[in-house]
Amino acid sequence: MKAYVFSLSPVEERFFLEWEDQHADDEIKYTTSPLTDDTVDLTKGFDAVSVQQMEQIKDEKIYKALADNGIKHLAIRQVGVDIVDLKLAKKYGIVVSNVPAYSPRAIAENGLTGAMYLLRKWGYYHRKMRRGDFTRPVELMSDEIFNQTVGIVGLGRIGSAAAELYHALGARVIGYDPVYNASLEPFLDFVDLETLIKTADIIQLHIPLTKDNVGMFSANEFAEMKDDAIIVNESRGELIDTKALIVALKYHEIGGAALDVLEGESKIFGRKFEDVGSLPEDYTELINMPNVVMSPHSAYYTKMAVKNMFFQSMTDIQRTLDGQAAIFQVK
Ligand code: COI
Numbered sequence: 005m006k007a008y009v010f011s012l013s014p015v016e017e018r019f020f021l022e023w024e025d026q027h028a029d030d031e032i033k034y035t036t037s038p039l040t041d042d043t044v045d046l047t048k049g050f051d052a053v054s055v056q057q058m059e060q061i062k063d064e065k066i067y068k069a070l071a072d073n074g075i076k077h078l079a080i081r082q083v084g085v086d087i088v089d090l091k092l093a094k095k096y097g098i099v100v101s102n103v104p105a106y107s108p109r110a111i112a113e114n115g116l117t118g119a120m121y122l123l124r125k126w127g128y129y130h131r132k133m134r135r136g137d138f139t140r141p142v143e144l145m146s147d148e149i150f151n152q153t154v155g156i157v158g159l160g161r162i163g164s165a166a167a168e169l170y171h172a173l174g175a176r177v178i179g180y181d182p183v184y185n186a187s188l189e190p191f192l193d194f195v196d197l198e199t200l201i202k203t204a205d206i207i208q209l210h211i212p213l214t215k216d217n218v219g220m221f222s223a224n225e226f227a228e229m230k231d232d233a234i235i236v237n238e239s240r241g242e243l244i245d246t247k248a249l250i251v252a253l254k255y256h257e258i259g260g261a262a263l264d265v266l267e268g269e270s271k272i273f274g275r276k277f278e279d280v281g282s283l284p285e286d287y288t289e290l291i292n293m294p295n296v297v298m299s300p301h302s303a304y305y306t307k308m309a310v311k312n313m314f315f316q317s318m319t320d321i322q323r324t325l326d327g328q329a330a331i332f333q334v335k
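Below is the structure:
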C-alpha cells in the first residue's frame, strides 16, 4: 500500500517505523503538518491518507484533489469525525474510517480526574496555599463521590466506560443518549436530557459534535443546572457556549468546569505561547479560575491509546486496499 500520514507526532514516530519494518512492500511517508489545502498535493500517487487533527477538512477542493491524486481511503486517527464532510468523501469515492475503540477508558478517566479535582476543591486550595493560606474555610467543605449523581451525556463506547467508572465508585449514574442500550442498565438509569441537567451534580459530555448540537450547553442549560454542579467536557469544545460558561462560573450558577476541549482550540492546543498575553481572552479567563481545570485535549494522550490509534487506522487502510471492508468504516 502507499499511504501518506499527516500530523505525525514525535510519539507516533516509533509506530510509523514499526509499521514500515513489518510491511516492507508498503510505501509510507509522513509529515508533521495537518491535511489542508496547502498540503494536499503531498498525496499525489498515494492510495490512502491518515490524519489526526482539529483543522477542518470540509473544503470540496481538498476532496477533489485527494481523488485526483489517487486517494481511496481517508483514515482518521481519532474518534471524532466532525472534521470531515462524509458527503463529499462519498461523492469522490473515498472510504472514511475512524478509530472509535482506541481506548475509551483513556477519555473516561481524564473526565473522572477533572471531576474529582473540582469536587474536592483542589483548585481553590492550591491557589490559597500559594499565597501562604493553609486554612480550611467552611465554603470549601466538599463531598464524597459516592454521594453524587453523575449524568453522562452520550453513551457510546466512551460514555459507557465513564458510566462504569463512576458506578464502580458508588455514584448514582444517570445517562442520556437518543439510543437506548439495555446492556448499560446495571450501571445507570436512562433519563431525558432535561432531567439529567436539573438533577446531576456532575455532568460529563461524551457526545459527538454535529451541526445540530453546537452550543448544546448554553445560558439556559447552566441556569437549569444545580448551583454547585460540575460540567466536564471531554468531547468537543463547540458543545459548550464558552462565553455563557464563563458567566455561569463567575456568577456561581454552576460550581466548576473540567475542560479537555474548548472552542477555537485548533489554534491554541498543542502550541507553546511565549507571550501568554497573546492568548484569547476566554482562555486566559478560564485558566485563571479556581473552579476550572483544563487540559490541552490530552485525554487521548496515553501510551495505549496513541499506539492503537496508529495501528488501527493503518490496518483499516490496508483492509480497504486489499478489497475488504474497513473494520471502522464511517458511513
Ligand atoms: C478523538 O479521538 O476524537 C479526539 O478527540 C482525540 C484527537 C483529536 C487526537
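Residue 82 in this note's numbering sits at position 78 of the sequence shown, with consecutive numbering throughout.
Backbone N, C-alpha and C define an ideal beta-carbon position, used for all residues, glycine too.
Can you determine whether any heavy atom of the ligand COI sits closer than 7 angstroms to the C-beta of His301, and answer yes or no? Residue 301 sits at position 297 when you count from the first residue of the sequence shown. In terms of side-chain proximity, the C-beta atom of His301 is found nearer than 7 angstroms to a non-hydrogen atom of the ligand COI.
Can you list, in chain order, the residues of its chain with a C-beta nearer than 7 angstroms to that of Ser146? Leave out the 5 residues immediately preceding and following it. The residue given as residue 146 occupies position 142 in the sequence shown. The beta carbon of Ser146 is closer than 7 angstroms to those of Leu123, Arg124 and Lys125 in its chain, skipping five residues each way along the sequence.
Report back the beta-carbon spacing between Ile272 and Val236 to the nearest angstrom; my notes put them in contact at under 8 angstroms. Locating residue 272 in the sequence shown gives position 268, counting from the first residue. Locating residue 236 in the sequence shown gives position 232, counting from the first residue. Not a contact, Cβ separation roughly 19 angstroms.
Measuring CA to CA, which of Gly281, Gly241, Asp279 and Gly268 is closest to Ala262? Working through the sequence shown from its first residue, we reach residue 262 at position 258. Taking the Cα of Ala262 as reference, the smallest distance to any Cα among Gly281, Gly241, Asp279 and Gly268 is reached at Gly241.
Please report the distance separating the alpha-carbon of Phe20 from that of Asp320. Your numbering for residue 20 matches position 16 in the sequence shown. Your numbering for residue 320 matches position 316 in the sequence shown. Cα to Cα, Phe20 sits roughly 15 angstroms from Asp320.
Spatial distance of Thr153 from Thr203 (CA atoms): As a first step, residue 153 must be located in the sequence shown, where it is residue number 149. As a first step, residue 203 must be located in the sequence shown, where it is residue number 199. Approximately 7 angstroms between the Cα atoms of the pair.
Beta-carbon proximity list for Arg323, same chain, < 6 angstroms, skipping 5 on both sides: Your numbering for residue 323 matches position 319 in the sequence shown. Spatial neighbours of Arg323 in its own chain (CB-CB distance under 6 angstroms, excluding positions within 5 residues in sequence) are listed in chain order as Ala330.
Whole-angstrom C-beta distance between Ile234 and Leu290, which should lie under 8 angstroms: As a working mapping, residue 290 is identified with position 286 in the sequence shown. As a working mapping, residue 234 is identified with position 230 in the sequence shown. Rounded to whole angstroms, the Cβ separation of Leu290 and Ile234 is 14 angstroms, and the two are not in contact under 8 angstroms.
Pull up the DSSP beta-bridge partners for Phe221, would you. Walking along the sequence shown from the start, residue 221 turns up at place 217. Answer is Ile244.
Where does Val83 sit, in a helix, a strand or coil, going by DSSP? Here the question's residue 83 lines up with position 79 in the sequence shown. It is coil, neither helix nor strand.
For the beta strand (DSSP E) that Lys125 lies in, which residues bound it at each end? Locating residue 125 in the sequence shown gives position 121, where the first residue counts as 1. In this chain, Lys125 is not harboured by any beta strand (DSSP E), its DSSP state being neither H nor E.
Start and end residues, alpha helix (DSSP H) containing Arg18: Translated into the one-based positions of the sequence shown, residue 18 becomes position 14. Here the alpha helix (DSSP H) through Arg18 covers Glu17 to Gln26.
Could you tell me which uninterrupted alpha helix (DSSP H) segments, each at least 4 residues in length, are contained entirely in the stretch 111 to 152, listed from first to last along the chain? Runs of the alpha helix (DSSP H) inside the stretch 111 to 152: 126 to 134.
In terms of DSSP beta bridges, what is Gln208 paired with? Position 204 of the sequence shown, counted from the start, is the residue given in the question as residue 208. Residue pairing by DSSP places Gln208 opposite Ile156 and Val236 in a beta bridge.
Counting beta carbon pairs with one atom in the stretch 185 to 193 and one in the stretch 133 to 142, are three or more of them shorter than 8 angstroms? Segments in contact, no.
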